[in-house]
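Trainee: Next up is a structure, given as structure tokens.
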Amino acid sequence: MNWDRINEKLSILADAAKYDVSCSSSGSKRTNKGKNLGDSSGVGICHSYTEDGRCVSLLKILLTNYCIYDCLYCVSRKSNDIKRAAFKVEEVVDLTLNFYRRNYIEGLFLSSGIFKNPDYTMERLVLVAKKLRLDYKFNGYIHLKTIPGASDELMYEAGLYADRLSVNIELPTKSGLKLLAPDKDHKTMLAPMNTIQQGIQIYKEEKKLIKSSPKFTPAGQSSQMIIGATNESDLDIVKTSTFLYKKYNLKRVYYSGYVPVLSDNKLPTLGTPVPMVRENRLYQTDWLFRFYKFKPQEIVNEFYPNLDLEIDPKLSWALRNMDYFPVDINTADYHMILRIPGVGVRSAQKIIAARKHAYLSYEQLKKIGIALNRAKYFIICKNYYFTKDFDHNRLKSEILHFSTSKYKKNFSNQLSLF
40 MNWDRINEKL SILADAAKYD VSCSSSGSKR TNKGKNLGDS SGVGICHSYT
90 EDGRCVSLLK ILLTNYCIYD CLYCVSRKSN DIKRAAFKVE EVVDLTLNFY
140 RRNYIEGLFL SSGIFKNPDY TMERLVLVAK KLRLDYKFNG YIHLKTIPGA
190 SDELMYEAGL YADRLSVNIE LPTKSGLKLL APDKDHKTML APMNTIQQGI
240 QIYKEEKKLI KSSPKFTPAG QSSQMIIGAT NESDLDIVKT STFLYKKYNL
290 KRVYYSGYVP VLSDNKLPTL GTPVPMVREN RLYQTDWLFR FYKFKPQEIV
340 NEFYPNLDLE IDPKLSWALR NMDYFPVDIN TADYHMILRI PGVGVRSAQK
390 IIAARKHAYL SYEQLKKIGI ALNRAKYFII CKNYYFTKDF DHNRLKSEIL
440 HFSTSKYKKN FSNQLSLF
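Each residue of the sequence shown is one higher than the last, beginning at 40 in the numbering used here.
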């Protein structure tokens, strides 16, 4: 094996893979029982964090950056003049095993450009996972980025060997996809999600009858969309992600801020500042839907189609709905306590448990860990009541005056970001 050439390929294809952000390993429990290589139980990837706080990593590469498509937003598009490379199946397998044995990684995230056709490419992605599992008994984490347009049979086979499968929706709207990737079809992008969802459901039913049923995508499926390449509002983005969660039961929807690296009159100009804050606000919004029981229309709607870049979405909602506040910490139900700015899920649970034993004061709330720099404007507790009569804008200014944000330098009216 020519290691100089392998190293060159690795440099090219690892760099090309950095635009894929949908790499989280939560949910998989492929435990090593002593006879196999690796263990994905509780493992995270791509410098992600596990539930116990460990930071772990993944070999994140493309199988190839050759591509038959000419998507304007993609650095690997066929008309772009860049260095091209392609791994052989055996080379990816060897790299994964060698990196794992050296304790560099704990799993594999494998994506690819499309060369020849979707089936040809998907077949090779599946073969990598299959060889690792069957030939080398590799039990580490494997995430495969599936190829829309590939056959259902290949999608199903991929689910037998991968812990997680993901299908990129690419852009939030059909019109955006048609504008920047006219060779691709929105329905074709959604079809694999349906196939994977059906496979997961079949596995769950079989598992009830036969405990030894082969695993099928135990960490579920995810998707990713590019933000800022087209002019969709945050409302458009949230509508799409909500649809994906409900329709296909996705584990995560990832948001990837568009990085202007290519010149085209349909794209943001090169050098355009791309605020990280918008991507962050979208993830915060996603969190509110999944863990705080907010409804999408409460955060973004026709009156507020875009998220406020200066404050987090929960605080923004609270300022628009001051009739709900102040909330009495000692009497309010769990659902309402969760809606107080500065109160997270764990803090809300601690409040519910602690108030069974005492009437909670401001100092006790501080010890619980509430972010009182925001929460103090929205609560009542023992010996404390916020008395200043501020309107929406003045209260926002007051909070911002005493707050700092690591994203402040990125605040911008530009809607694209990274």
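Just so it is clear, CB atoms sit at the ideal spot from N, CA and C, and this is done for glycine as well.
Quick one, which of Y294, V132, D54 and I144 has its alpha-carbon nearest N104's?
Mentor: For the purposes of this step, residue 104 is taken as the residue at position 65 of the sequence shown. That would be D54, whose Cα lies nearest to the Cα of N104.
Trainee: Is Q453 helix, strand or coil when you go by DSSP?
Mentor: As a working note, residue 453 is residue 414 in the sequence shown. Caution is warranted here: a pLDDT of 39 is assigned to Q453, below 50, making its placement in the model unreliable, and the coordinate value is therefore given only provisionally. Three-state DSSP puts Q453 in coil, outside helix and strand.
Trainee: Give me the residue from F417, M375, I368 and E402 with the minimum Cα distance to K395.
Mentor: On the sequence shown, residue 395 is found 356 positions in, with the first residue counted as 1. It is I368.
Trainee: Within 10 angstroms of the Cβ of W42, are there 16 or more other Cβ atoms? Answer buried if so, exposed if not.
Mentor: The residue given as residue 42 occupies position 3 in the sequence shown. W42 is exposed by the Cβ-count criterion.
Trainee: Whole angstroms is fine: what's the gap from E162's alpha carbon to V128's?
Mentor: Counting from one through the sequence shown, the residue named residue 162 turns up at place 123. Counting from one through the sequence shown, the residue named residue 128 turns up at place 89. Those two C-alpha atoms are separated by around 10 Å.
Trainee: Contact defined as beta carbons within less than 8 Å: I believe L354 pairs with P335. What is the distance between those atoms, to the nearest angstrom?
Mentor: For this step, residue 354 is matched to residue 315 along the sequence shown. For this step, residue 335 is matched to residue 296 along the sequence shown. With a Cβ gap of about 17 Å, L354 and P335 do not count as contacting.
Trainee: Runs of 4 residues minimum, wholly inside the region 313-366: which ones carry the alpha helix (DSSP H) assignment?
Mentor: Listed in chain order, the complete alpha helix (DSSP H) runs (minimum 4 residues) inside the region 313-366 are 315-330, 335-338 and 352-359.
Trainee: With a 10 Å radius around its C-beta and 16 neighbouring C-beta atoms as the bar for buried, classify Y293 as buried or exposed.
Mentor: Taking the sequence shown and counting its residues from 1, the one referred to as residue 293 is at position 254. It is buried - the Cβ of Y293 has at least 16 other Cβ atoms within 10 Å.
Trainee: Alpha carbon to alpha carbon, how far is L346 from Y139? Give it in angstroms, no decimals.
Mentor: Taking the first residue of the sequence shown as 1, we reach residue 139 at position 100. Taking the first residue of the sequence shown as 1, we reach residue 346 at position 307. Between Y139 and L346, the C-alpha separation is close to 41 Å.
Trainee: Between which two residues does the beta strand (DSSP E) carrying S261 extend?
Mentor: Position 222 of the sequence shown, counting from 1, holds the residue named residue 261. Start and end: Q260 to I266.
Trainee: For A397, count neighbouring C-beta atoms within 10 Å of its own C-beta (all shown protein chains included) and say buried if the count is 16 or more, exposed if not.
Mentor: For the purposes of this step, residue 397 is identified with residue 358 of the sequence shown, where counting begins at 1. It counts as exposed.
Trainee: Between which two residues does the beta strand (DSSP E) holding L98 run?
Mentor: Here the question's residue 98 lines up with position 59 in the sequence shown. Here the beta strand (DSSP E) through L98 covers L98 to L101.
Trainee: Helix, strand or coil for L49, going by three-state DSSP, please let me know.
Mentor: Position 10 of the sequence shown holds residue 49. Helix.
Trainee: Near I208, which residues of its chain fall below 6 Å by C-beta distance, leaving aside the five closest residues on each side in sequence?
Mentor: By 1-based counting over the sequence shown, the position of residue 208 is 169. So the qualifying residues of the chain are M228, S262 and M264.
Trainee: Quick check: what's the CA-CA separation for N119 versus K99?
Mentor: Numbered from its first residue, the sequence shown carries residue 119 at position 80. Numbered from its first residue, the sequence shown carries residue 99 at position 60. Distance between the alpha carbons of N119 and K99 is about 22 Å.
Trainee: Rounded to the nearest angstrom, what separates W356 and K332 at their Cα positions?
Mentor: Walking along the sequence shown from the start, residue 356 turns up at place 317. Walking along the sequence shown from the start, residue 332 turns up at place 293. Using only the alpha carbons, I get a separation of about 13 Å.
Trainee: So, I338 versus F328, is the Cβ gap smaller than 9 Å?
Mentor: Position 299 of the sequence shown, counting from 1, holds the residue named residue 338. Position 289 of the sequence shown, counting from 1, holds the residue named residue 328. Yes.
Trainee: So, with DSSP's three-state summary, where would you put I181?
Mentor: Locating residue 181 in the sequence shown gives position 142, where the first residue counts as 1. In the structure shown, I181 sits in a strand (DSSP, three-state: E or B).
Trainee: Any idea what DSSP makes of A393, helix, strand or coil?
Mentor: Position 354 of the sequence shown, counted from the start, is the residue given in the question as residue 393. In this structure, A393 counts as helix in the three-state DSSP scheme.
Trainee: Would you kindly check if the distance between the Cβ of Y200 and the Cβ of R172 is under 9 Å?
Mentor: As a first step, residue 172 must be located in the sequence shown, where it is residue number 133. As a first step, residue 200 must be located in the sequence shown, where it is residue number 161. Result yes, Cβ atoms of R172 and Y200 sit closer than 9 Å.
Trainee: Could you please give the first and the last residue of the uninterrupted beta strand (DSSP E) stretch that includes L204?
Mentor: In the sequence shown, counting from the first residue as 1, residue 204 sits at position 165. Its beta strand (DSSP E) spans residues R203 to S205.
Trainee: Is the beta carbon of A124 closer than 9 Å to that of K48?
Mentor: The count along the sequence shown starts at 1 and reaches residue 48 at position 9. The count along the sequence shown starts at 1 and reaches residue 124 at position 85. Result yes, Cβ atoms of K48 and A124 sit closer than 9 Å.
Trainee: Please classify R413 as buried or exposed, where buried requires at least 16 other C-beta atoms within 10 Å of its C-beta.
Mentor: Sequence index remark: in the sequence shown, residue 413 carries index 374 (1-based). Counting Cβ neighbours within 10 Å, R413 comes out buried, since at least 16 surround it.
Trainee: Which same chain residues, not among the five before or five after S150, have their C-beta less than 7 Å away from its C-beta?
Mentor: Start at 1 with the first residue of the sequence shown, and residue 150 comes out as number 111. Closer than 7 Å at Cβ, skipping near neighbours: A56, D59, L101 and K184.
Trainee: Hey, which unbroken runs of the beta strand (DSSP E) at 3 residues or more fall wholly within the region 281-318?
Mentor: Listed in chain order, the complete beta strand (DSSP E) runs (minimum 3 residues) inside the region 281-318 are 291-296.
Trainee: Taking the alpha-carbon positions, what's the Y284 to Q236 distance?
Mentor: Along the sequence shown, one-based indexing puts residue 284 at 245. Along the sequence shown, one-based indexing puts residue 236 at 197. Approximately 11 Å between the Cα atoms of the pair.
Trainee: Taking Cβ to Cβ, would you say I419 is nearer than 9 Å to P365?
Mentor: The sequence position of residue 419 within the sequence shown is 380, counting from 1. The sequence position of residue 365 within the sequence shown is 326, counting from 1. Against a cut-off of 9 Å, the Cβ pair of P365 and I419 comes out as a contact.
Trainee: Using only alpha-carbon positions, find the residue among T212, K278 and D362 that is nearest to N340.
Mentor: Against the sequence shown, residue 340 aligns to sequence position 301. When only C-alpha atoms are compared, the closest one is K278.
Trainee: Distance, Cα to Cα, E271 vs Y175?
Mentor: By one-based count along the sequence shown, residue 271 stands at place 232. By one-based count along the sequence shown, residue 175 stands at place 136. In a straight line, the C-alpha of E271 is about 46 Å away from that of Y175.
Trainee: Quick check on DSSP: helix, strand or coil for I186?
Mentor: What you label residue 186 is simply residue 147 of the sequence shown in a count that begins at 1. Here I186 sits in coil by DSSP.
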